[in-house]
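Engineer: Letter by letter, the sequence shown follows residues 5 to 639 in the working numbering. All C-beta atoms, glycine included, are put in the ideal place defined by N, C-alpha and C. Before I ask anything, here is the structure I am working with.
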Amino acid sequence: MNNNWGPLGTVLKSAVLGAFGLALSANVMADSPLKRQELPFRAVTIRDSFWAPKQKIYRDKTIPHSWQYVQRDIEDNEIAAGWKNIERGEDSIWNQANLHKVLETVAYALPQEPNPELDKKLDGIIAAIAGAQQPNGYVNALMTVRHKETWVDLDGHHEGYVAGHLIEAAVAHYQATGKRSFLDVACKMADHIYQHFIVEKHEGVCGHAELELALVRLYRATGEKRYLALAKDWIERRGKPWNYSTKTPRSYFMDHLPIRQVSEVTGHAVRTMFYVTGVAEVANESGDEGLKEAARRLWLSTTQRKMYVVGSVGSQDTDEGFGPDYDLPNHGYNETCAACGLLYFAQSMFLLDGESESIDVLERTLYNALLHGMSLEGTTSYYRNPLTDSNNPRYNIWVCCPPCLSRTLLRVQNYIYAQTARDLYVNLYIGGEATAQVAGTQVLLSQQSNYPWEGNVKLQVNPQKDSQFALRLRIPGWCHKADLSVNGKPVLKPRMEKGYVVLDRRWRKGDAVEIKLAMPVERIEANPNVKEDAGLVAVQRGPIVYGAEALDNDNRLDWSVATDPQFQVQQRPDFLGGVSTISGRKADGGQFTVIPFYALANRENSSQCVWLSQTGKSTDITNWNQKLYRAITSP
Ligand SMILES: [Zn+2]
Numbered sequence: 005m006n007n008n009w010g011p012l013g014t015v016l017k018s019a020v021l022g023a024f025g026l027a028l029s030a031n032v033m034a035d036s037p038l039k040r041q042e043l044p045f046r047a048v049t050i051r052d053s054f055w056a057p058k059q060k061i062y063r064d065k066t067i068p069h070s071w072q073y074v075q076r077d078i079e080d081n082e083i084a085a086g087w088k089n090i091e092r093g094e095d096s097i098w099n100q101a102n103l104h105k106v107l108e109t110v111a112y113a114l115p116q117e118p119n120p121e122l123d124k125k126l127d128g129i130i131a132a133i134a135g136a137q138q139p140n141g142y143v144n145a146l147m148t149v150r151h152k153e154t155w156v157d158l159d160g161h162h163e164g165y166v167a168g169h170l171i172e173a174a175v176a177h178y179q180a181t182g183k184r185s186f187l188d189v190a191c192k193m194a195d196h197i198y199q200h201f202i203v204e205k206h207e208g209v210c211g212h213a214e215l216e217l218a219l220v221r222l223y224r225a226t227g228e229k230r231y232l233a234l235a236k237d238w239i240e241r242r243g244k245p246w247n248y249s250t251k252t253p254r255s256y257f258m259d260h261l262p263i264r265q266v267s268e269v270t271g272h273a274v275r276t277m278f279y280v281t282g283v284a285e286v287a288n289e290s291g292d293e294g295l296k297e298a299a300r301r302l303w304l305s306t307t308q309r310k311m312y313v314v315g316s317v318g319s320q321d322t323d324e325g326f327g328p329d330y331d332l333p334n335h336g337y338n339e340t341c342a343a344c345g346l347l348y349f350a351q352s353m354f355l356l357d358g359e360s361e362s363i364d365v366l367e368r369t370l371y372n373a374l375l376h377g378m379s380l381e382g383t384t385s386y387y388r389n390p391l392t393d394s395n396n397p398r399y400n401i402w403v404c405c406p407p408c409l410s411r412t413l414l415r416v417q418n419y420i421y422a423q424t425a426r427d428l429y430v431n432l433y434i435g436g437e438a439t440a441q442v443a444g445t446q447v448l449l450s451q452q453s454n455y456p457w458e459g460n461v462k463l464q465v466n467p468q469k470d471s472q473f474a475l476r477l478r479i480p481g482w483c484h485k486a487d488l489s490v491n492g493k494p495v496l497k498p499r500m501e502k503g504y505v506v507l508d509r510r511w512r513k514g515d516a517v518e519i520k521l522a523m524p525v526e527r528i529e530a531n532p533n534v535k536e537d538a539g540l541v542a543v544q545r546g547p548i549v550y551g552a553e554a555l556d557n558d559n560r561l562d563w564s565v566a567t568d569p570q571f572q573v574q575q576r577p578d579f580l581g582g583v584s585t586i587s588g589r590k591a592d593g594g595q596f597t598v599i600p601f602y603a604l605a606n607r608e609n610s611s612q613c614v615w616l617s618q619t620g621k622s623t624d625i626t627n628w629n630q631k632l633y634r635a636i637t638s639p
């Protein structure tokens, strides 16, 4: 660890040393003024040189590219609505979810760049979905046009998963446009599910989680408590001896134990991440202490023992699932949707406990695992994201992942800030503006930075009237030295809470805050229990984890990093969409180059790896304090 502490001193140091752990804390009561919430995505605008161009690519390239893959799913709704008469054969049972995720993606895009044509297209598709809705409220056109009996194959039919994505898309559409057309369809479907499972007491729960977290979003959008009750019911249903049709082990579905007894994430990584996000969301909204403890246990199980350095999860090829603790092979599976799920879980844990360490995980996943899933030109993607790969270009396959990724990357706006009634959190350093109602006044916050390549951030705080509230600035877990000033005056001993600098003062229009996060290149080592990474290091600078591609390194990756690599950073605005690359010395005296992990596999075929052999690296088994990764200063 770097001991070069800035004026923030030892308070900051203790916060930083807690990275990858989670100091559990007393939580606020549900609905108290202290409750944390996201800012609505319409309240946040991104203006920077990193995310703004990327989101433009997702709007201009990814969305138009997506339509061809969901044409059949749109048509299924038109058939179910009676607008067309076509016989359908078998198809992947979860397909409607892909359409819902595309619609959600478009909903996030609309406020970013008004597009009346796209808005109208959405209206037409929503009308077809509304037409496909059955008199009892059930809607899943694929099931309807194939005459399938509803709610009988709960493990296989993914009806809860598809419904959850419908709800998430509908909430996003409502929040983006103010129109209730899609939201009304979603409410009727949620009412139908409530009737079927709670009023009529039918058995079982869907094998693919997603509905749980979606219902909490619907509850927040509508204030209807039944939806929260249904979400809680679906969480509590797991671990009961229902009579299921498949012989798959119940741990695959996180259905082997009731949630209050489970202590380890198991099974299919996407389903599990979506499930535990639902647990954290319901815990937060209901105030249920048992569920909060369960969410915290499963958070630690994930982030202290089962997460890759790039923020991916789900190492096992055989079941797309979690392996045993510390079993993190570098050729691991790492489905893109699972990384999306970890990001949602991290945000939910932040909202629950307010720890900056949750956002450390969110940021790690966002800048590395997630961005890696999408090509730089926005049309091809990865389903699997191993850390070591060989001549495996991105491909153009349409499965669950591409639209899950696009909907997530187009709502980065949601993750930058958060608030309580009298606190404003700055979680991610991304340039742009935000407005929030805090302490009885409207606050316009503007942010300028060249993050993630530089750690200098300027914030301007503009309350409509002078007002006392707390600005909480996250000190990232990777940062060991930070300097802070307010209106040009250094703040020498700021208050630190849960990894945040707390500036609780009377704010006036034009107040300026500057924070300088030192961003040296660091070598990261994995906990000695991760046998796969023994003798290896990863390169990280700021939130970006780097990887080596053979084509930058004389077509070889069998070299070692020198004991003193003398890293150098190059800003390369014209390379790979604008990145900083890092070069260093090899053990044999030559030079190596690494590029951001997310930018790997965007040129001709080449081998890639994240973990690099480090000459003379010994294994230090002391002072890990449950952490999974830490920076080292010498091998
Ligand atoms: Zn997927």
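(1) Check residue 629 in the structure and name its three-state DSSP category.
(2) Let me make sure I understand the geometry here. Which of 291, 282, 323 and 320 has the alpha-carbon closest to that of residue 303?
(3) Fully enclosed by the region 436-489, which beta strand (DSSP E) runs are 3 residues long or longer?
(4) Rounding to the nearest angstrom, what Cα-Cα distance links residue 189 and residue 440 in this structure?
(5) Taking the Cβ atom as the reference point for each residue, do residue 490 and residue 499 lie within a distance shorter than 9 Å?
(6) Hey, quick one: how far does the beta strand (DSSP E) through residue 130 stretch, first residue to last?
(7) Considering Cα atoms alone, identify which of 114, 115, 149 and 107 is closest to residue 130.
(8) For residue 421 and residue 620, what's the separation of their Cα atoms in angstroms?
(9) Under 6 Å Cβ to Cβ from residue 368, same chain only, skipping five residues before and after it: list those, please.
(10) Give me every residue whose Cβ sits closer than 7 Å to any heavy atom of ligand 3, in chain order.
(11) Classify residue 139 as buried or exposed, calling it buried when 16 or more other Cβ atoms lie within 10 Å of its own Cβ.
(12) Cα separation between residue 32 and residue 449?
(13) For residue 29, does the count of other Cβ atoms within 10 angstroms reach 16, so buried, or fall short, so exposed?
(14) Counting only the same chain and skipping the five closest in sequence on each side, list residues whose C-beta sits under 8 Å from that of residue 626.
(15) Looking only at its own chain, which residues have a Cβ that is under 7 Å from the Cβ of residue 85, when we skip the five neighbours before and after it?
(16) Give the straight-line distance between the Cα atoms of residue 571 and residue 197, rounded to the nearest whole angstrom.
(17) Nearest-angstrom Cα distance between residue 335 and residue 466?
(18) Considering only residues of the same chain and omitting the five flanking positions on each side of residue 447, which have a CB-CB separation below 8 Å?
(19) State the DSSP-derived secondary structure class of residue 257, mapped to helix, strand or coil.
(20) Quick check on this structure: which residue in 607, 83 and 581 has the alpha carbon closest to the alpha carbon of residue 150?
(21) Please classify residue 560 as buried or exposed, where buried requires at least 16 other C-beta atoms within 10 Å of its C-beta.
(22) Do residue 410 and residue 378 have their beta-carbon atoms positioned less than 9 Å apart in this structure?
(23) Quick check on residue 137 - is its C-beta less than 9 Å from some C-beta in chain B?
(24) According to DSSP, what are the bridge partners of residue 612?
(25) DSSP three-state call for residue 515: helix, strand or coil?
(26) If you run the structure through DSSP and keep just helix, strand and coil, what is residue 25?
(27) Select from 209, 605, 612 and 114 the residue whose C-alpha is nearest the C-alpha of residue 182.
(28) Provide the residue span of the beta strand (DSSP E) that contains residue 596, from first to last.
(29) Which complete beta strand (DSSP E) runs does the region 205-257 hold, if anything under 3 residues is left out?
(30) For the alpha helix (DSSP H) that residue 412 lies in, which residues bound it at each end?
(31) Residue 544 bridges to which residues according to DSSP?
(32) Starting from residue 500, follow the alpha helix (DSSP H) in both directions and report where the run begins and ends.
(33) Return the residue from the list 342, 225 and 211 that minimises the CA-CA distance to residue 191.
(34) Give me the Cβ distance between residue 565 and residue 541, rounded to the nearest whole Å; I'm assuming they're in contact under 8 Å.
(35) So, helix, strand or coil for residue 300, using DSSP?
Structural biologist: Let me lay it out:
(1) coil
(2) Comparing Cα positions, the closest option is 282.
(3) Counting only runs of 3 or more, we get 436-442, 445-453, 460-467 and 471-478.
(4) Between residue 189 and residue 440, the C-alpha separation is close to 30 Å.
(5) 9 Å or more divides the Cβ of residue 490 from the Cβ of residue 499.
(6) Counting along the chain, residue 130 sits inside no beta strand (DSSP E); it lies in the alpha helix (DSSP H) bounded by residues 120-136.
(7) 107
(8) 43 Å
(9) 315
(10) What this structure holds is ligand 1, not ligand 3.
(11) exposed
(12) Its pLDDT being 31, under 50, residue 32 is placed unreliably in this model, and the value from its coordinates should be taken loosely. About 25 Å.
(13) Legend: pLDDT at residue 29 = 28, less than 50; position of this residue unreliable, value from coordinates given subsequently. Counting other Cβ atoms within 10 Å of its Cβ, residue 29 stays below 16 and is therefore classed as exposed.
(14) none
(15) 132, 135 and 136
(16) Their Cα atoms are separated by approximately 57 Å.
(17) It is roughly 49 Å from the alpha-carbon of residue 335 to the alpha-carbon of residue 466.
(18) 428, 439, 440, 441, 465, 466, 467, 468, 471, 473 and 511
(19) helix
(20) 83
(21) exposed
(22) yes
(23) Protein chain content of the structure displayed is limited to a single chain, and chain B is not contained in it.
(24) Note: residue 612 sits in a beta bridge opposite 393 and 553.
(25) In this structure, residue 515 counts as strand in the three-state DSSP scheme.
(26) Interpretation of residue 25 is limited by its pLDDT of 27, a score under 50 that renders its predicted location unreliable; no figure is taken from the coordinates.
(27) 114
(28) 595-600
(29) none
(30) Counting along the chain, residue 412 sits inside the alpha helix (DSSP H) bounded by residues 405-413.
(31) Paired residues: 526 and 549.
(32) Premise fails: residue 500 lies in the beta strand (DSSP E), 499-501, not in any alpha helix (DSSP H).
(33) The option with the nearest alpha carbon to residue 191 is 225.
(34) 6 Å
(35) helix
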